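Peer 1: Numbering (the working numbering), first residue to last: 725 to 840. The structure that follows is given in the form of structure tokens.
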């Protein structure tokens, strides 16, 4: 049995055939209605999944582009003279509390809670 899963009609026919085989033992009055409902739900599930994957892939591509741009800007800023870097940072070459290792109030509280 050669099934082309790239073709929607072929996939639906394959699934319908499999559902029919599985539901042979079900009462005749519920058989077709149950298959129709299962097919509708399966189609909706697949559609929702496709939309979610498309959204995730779009976000992933956007994040990748941002990462490349950020990396490029970091690498180009390493080539700038120190004076230009200080101007782009607002003129301050003083290290921030994060750079010097000082903890903020929140960090101190969290550390105290972790130590308990």
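Even glycine gets a Cβ: it sits at the ideal position worked out from N, Cα and C. These numbers come from a predicted model, not from an experiment.
So residue 831 is in the alpha helix (DSSP H); what residue range does that whole segment cover?
Peer 2: Segment 829–839, the alpha helix (DSSP H) holding residue 831.
Peer 1: Between the stretch 727–741 and the stretch 762–771, do at least 3 Cβ pairs fall closer than 8 Å?
Peer 2: A contact exists between the stretch 727–741 and the stretch 762–771.
Peer 1: For residue 802 and residue 782, what's the separation of their Cα atoms in angstroms?
Peer 2: Spanning the two alpha carbons is a distance of roughly 30 Å.
Peer 1: Quick one, are the C-beta atoms of residue 743 and residue 759 less than 7 Å apart?
Peer 2: Yes; because the gap between Cβ atoms is below 7 Å, this pair is in contact.
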